[in-house]
Amino acid sequence: MEKEKLRVLIINDMVIFPNNEVRIEYDKNFDKQMSETFDCDDELILIVNPIDESNVDIMSLPNYGVLGRIKLKLNVPNGKTRVVLEGLKRVEITNYVFDNKNYEANYNDIPIMTNPDEDNYINILIKHLEHYIDKVPYIGNAVMSQINNVSGLDELCDLIASFLNIDYKKKKKYVTTVNPIDRCKLLIEDINEDLQLVKLEQKIEAEVEKELSETQKEYFLRAKIKAMQKELGEANSKDDEVVRLKKKIAKLKCNAKVKEKINRELARYEAINSNSPELGMIRDYLDWMLNLPWNNTTKDNEDLTKVKAILDSSHYALDEVKTRILEYLAVKQNTNNLRSPIICLVGPPGVGKTSLAISIANSLNRKVAKISVGGINDEAEIIGHRRTYIGANPGRIIQGIRRAGTSNPVFIIDEIDKMTKDIKGDPASSLLEVLDPEQNKKFSDHYIEEEFDLSKVFFIATANYIEQIPYELRDRLEIINLSSYTEYEKLDIAKRHLIPKELEEHGLTPLQLQVTDEAIMIMIRNYTKEAGVRELERIIATLFRKIVKEILLEKNTVFYKITPENIENYLGKKKYFYTENSNKNEIGVVNGMAYTIFGGDILPIEANIFKGKGDLILTGSLGEVMQESCQIALSYIKANTEEFNIDYKLLEENNIHIHFPEGAVSKDGPSAGIAITSALISIFKKQTVNYNISMTGEITLRGRILPIGGLKEKIIGAHRAGIKTVFLPKENEKDLEEIPEDIKKDITFNFVSNYIEIYKKLFK
27 MEKEKLRVLI INDMVIFPNN EVRIEYDKNF DKQMSETFDC DDELILIVNP
77 IDESNVDIMS LPNYGVLGRI KLKLNVPNGK TRVVLEGLKR VEITNYVFDN
127 KNYEANYNDI PIMTNPDEDN YINILIKHLE HYIDKVPYIG NAVMSQINNV
177 SGLDELCDLI ASFLNIDYKK KKKYVTTVNP IDRCKLLIED INEDLQLVKL
227 EQKIEAEVEK ELSETQKEYF LRAKIKAMQK ELGEANSKDD EVVRLKKKIA
277 KLKCNAKVKE KINRELARYE AINSNSPELG MIRDYLDWML NLPWNNTTKD
327 NEDLTKVKAI LDSSHYALDE VKTRILEYLA VKQNTNNLRS PIICLVGPPG
377 VGKTSLAISI ANSLNRKVAK ISVGGINDEA EIIGHRRTYI GANPGRIIQG
427 IRRAGTSNPV FIIDEIDKMT KDIKGDPASS LLEVLDPEQN KKFSDHYIEE
477 EFDLSKVFFI ATANYIEQIP YELRDRLEII NLSSYTEYEK LDIAKRHLIP
527 KELEEHGLTP LQLQVTDEAI MIMIRNYTKE AGVRELERII ATLFRKIVKE
577 ILLEKNTVFY KITPENIENY LGKKKYFYTE NSNKNEIGVV NGMAYTIFGG
627 DILPIEANIF KGKGDLILTG SLGEVMQESC QIALSYIKAN TEEFNIDYKL
677 LEENNIHIHF PEGAVSKDGP SAGIAITSAL ISIFKKQTVN YNISMTGEIT
727 LRGRILPIGG LKEKIIGAHR AGIKTVFLPK ENEKDLEEIP EDIKKDITFN
777 FVSNYIEIYK KLFK
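Take a look at the structure:
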């Protein structure tokens, strides 16, 4: 199947094979094609070598190339940009197009080709390679160890082709030769041909060596190297680079041990041959060491009033985390020596965890470093690769510190609950050292190899589900829960932040457009269903786009007022609906109260009886806990039939059916216990419960009523449905202060500790 369009990178002087990694340096001012290709946000690109380098157009581009991934992109001191490219797989390329700047194309995966003789070809190719390695000086035995890790002839051919010292045109042919057997035959031919050339070169070198003394040979080689450098315009480039590096080292603020390490590496850099592949590795290492902010810090904003004002202006509510930041600053000022806290913000998507962390950085006058660890399964992503590996780099912690440019940034670790582990290691375990205040003062990245002080860093992690964070890691975090926003909080956020922001982004003013509170509430209730406000922001943006289009198309200058009456003209039919109260009393129907991450709602519970043998029937997609609540409620009633004045035969001679409407929606939890009990008593006694009453609380076999969670959201949902009286567990009375005052004045609250108290008010 044809895949999506990707940008095409055209390379004229080198070949990138699948499973091969290369570094490319380019100058943005001269290499326009590379600059346009790499200066995009795409991670994947198509890499091709033109058939005719002298005239590159669509007709000269091949039908096959390599799907590549941009692993790293950074600016180096010489003014160029360095990119690390990884070849992923050989693909068929179709539909080239050119948009005056870039080539783009679609691609198809190439089907895997199997051949019964594949193992024989592998053995023959390896034998030729072993003979080749014995004779060729520039290929070491390390190649054989890499070969042991490949699987299949296809991958083996690509690996060997990347090492062979053959010309560019032949290497191009390897990429466009799809069949591994054909590629293997080409390799064997080229290996044999290169062996003949090597033998000839060795013969010539042996004859020349006899004629030259050691002094003459050294002089000749140095003169030859200088002449080549002069022709290439690279004369003294390494010497100039050493001078620049020494100046940077002199200005670097770091401890003596780090500076000693840098000087040792610089000495190696000076001594090593300019043609050695290790030269680039040492230069990269020096670049990292010299650009890390070892002792570069920013001064915290210690004006508590100003910090509070910044946090309040950017985020509504979230008082717990704001208070924690102010406490940290207050104690730091009082002691002048306090470790930065390590906070984990836990809450559903869209409630502002990441944006709040950025606001904290702004309020403290600190730089921001941010990484996402969701899906990471390799501990080297956190603590870096050892320098012995090809393409080694520091881990994401050190990379983030370098990007921030200070050693005391606010460091956001996003999606900390979504890391995985496999044979490559456990990244969560690697984070233990990073987030442990006792250890992170001497954090050691495998690539840097020297200790880096992370104790000044203000770490803020974010997560959706606390139970998915490993216990050892959770123990090091200060957990702050961010619950979903209520409707009234969303209304306030929309008025304070979202609408002013979208007005500005769409070129509108409050003199042109007004959205009433009632219309905003309809957007919240009927056009979004979320814990946070991301979708609400998108809905507001949709509304404003339509109005801007109308203004420009119809040349309207009228004042727009969005109300419940006209909102559907812009946003279409309503998408979501909350449960509405029935507005009539019915036997066997009682309103429970439900809570989800999207907010609270009422939950009508229906009970019925009919002739049978006392069986209990439960419907409505109930979880195990809710099914047990139904059984407990029935057992409690059976044990207290005399108290409730219910004929026990009624329970024995009838089947009992309890139903929770909206059967397609899964439901679970123990908090419906007292509502289920009331619905059953209502059907047994043929007495109604007022439709303006709702209740929530877990019931035990002795009738005790246990506390529940999500009270604030449940009360708001009940108020929206028109409920006037609620029954709640006595132990939840302390949570009443969370309820907005304008809701509390409309509802009568009954706090009870035993079901008998409810029974006496409803049925006697």
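Position one of the sequence shown corresponds to residue 27 (our numbering), numbered consecutively onward.
Positions of the beta carbon are idealized from the N, C-alpha and C atoms, including for glycine.
Less than 9 Å between the C-beta atoms of residue i and residue j, yes or no?
i: lysine 521; j: aspartate 543; result: yes
i: glutamate 678; j: lysine 637; result: no
i: tyrosine 744; j: isoleucine 702; result: Just to set this straight, residue 744 is alanine in the shown sequence, not tyrosine. No, the pair does not count as a contact, with Cβ atoms beyond the cut-off.
i: leucine 762; j: threonine 722; result: no
i: alanine 454; j: glutamate 498; result: yes
i: lysine 325; j: leucine 337; result: no
i: isoleucine 37; j: glycine 113; result: no
i: leucine 17; j: lysine 198; result: An answer regarding residue 17 cannot be provided, because it is not within the stretch 27 to 790 covered by the chain.
i: asparagine 299; j: serine 188; result: no
i: glycine 626; j: isoleucine 742; result: yes
i: isoleucine 351; j: serine 389; result: yes
Does residue i come out as helix, strand or coil in the three-state DSSP assignment?
i: cysteine 280; result: coil
i: histidine 472; result: coil
i: glutamine 653; result: helix
i: serine 389; result: helix
i: asparagine 776; result: strand
i: leucine 316; result: helix
i: serine 720; result: strand
i: threonine 622; result: strand
i: lysine 693; result: strand
i: alanine 633; result: strand
i: glutamate 477; result: strand
i: proline 755; result: strand
i: asparagine 89; result: coil
i: glycine 113; result: strand
i: serine 398; result: strand
i: asparagine 681; result: strand
i: lysine 25; result: With the chain covering only 27 through 790, there is no way to say anything about residue 25.
i: asparagine 101; result: strand
i: arginine 270; result: helix
i: glycine 743; result: helix
i: valine 176; result: coil
i: isoleucine 369; result: strand
i: asparagine 146; result: helix
i: tyrosine 52; result: strand
i: valine 74; result: strand
i: lysine 600; result: coil
i: leucine 644; result: strand
Between residue i and the rest of its own chain, which residues show a CB-CB distance below 6 Å, the 5 nearest in sequence each way excluded?
i: histidine 683; result: Asn634, Ile643
i: glutamate 563; result: Leu524
i: serine 692; result: Ser647
i: arginine 412; result: His472
i: tyrosine 621; result: Gly736, Glu739, Lys740
i: leucine 629; result: Gly618, Ala620
Can you round the beta-carbon distance between residue i and residue j to whole angstroms, since I take them to be within the 8 Å contact cut?
i: tyrosine 133; j: valine 117; result: 4 Å
i: glutamate 724; j: leucine 737; result: That pair is no contact at about 13 Å.
i: glutamate 606; j: alanine 747; result: 7 Å
i: serine 661; j: proline 696; result: With 8 Å as the limit, serine 661 and proline 696 do not qualify as a contact, their Cβ atoms being about 14 Å apart.
i: isoleucine 438; j: threonine 488; result: 7 Å
i: phenylalanine 789; j: lysine 711; result: 6 Å
What does a CB cutoff of less than 8 Å around residue i pick up in its chain, not counting 5 residues either side in sequence?
i: glycine 431; result: Pro319, Asn322, Lys393
i: alanine 232; result: none
i: glycine 426; result: Ala395, Lys396, Ile397, Pro435, Phe437
i: asparagine 391; result: Thr324, Lys325, Asp326, Asn327
Excluding sequence positions up to five away, which residues of its chain have a Cβ less than 7 Å from the Cβ of residue i?
i: serine 86; result: Pro76, Ile77, Asp78
i: serine 456; result: Glu405, Ile408, Ile409
i: phenylalanine 124; result: Ile84
i: valine 176; result: Leu182, Leu185
i: proline 766; result: Tyr514
Is the Cβ of residue i closer than 9 Å to any Cβ of chain D?
i: lysine 127; result: This model lacks chain D altogether; it includes just one protein chain.
| request: Within the segment 485 to 565, note down every full alpha helix (DSSP H) run reaching 4 residues or more, in order along the chain. | output: 497 to 500, 513 to 519, 525 to 531, 543 to 552
| field | Length at least 4, wholly inside the segment 285 to 354: the alpha helix (DSSP H) runs in chain order | value | 304 to 317, 330 to 340
| said: For a minimum of 3 consecutive residues, which ranges assigned as the beta strand (DSSP E) are wholly contained in the segment 115 to 141? | reply: 129 to 135
| Of all the alpha helix (DSSP H) runs that stay within the bounds of the segment 411 to 480, which reach a length of 4 or more residues? | 422 to 430, 453 to 460
| query | What runs of the alpha helix (DSSP H), each 4 residues or longer, lie entirely inside the segment 187 to 239? | reply | 194 to 202, 206 to 237
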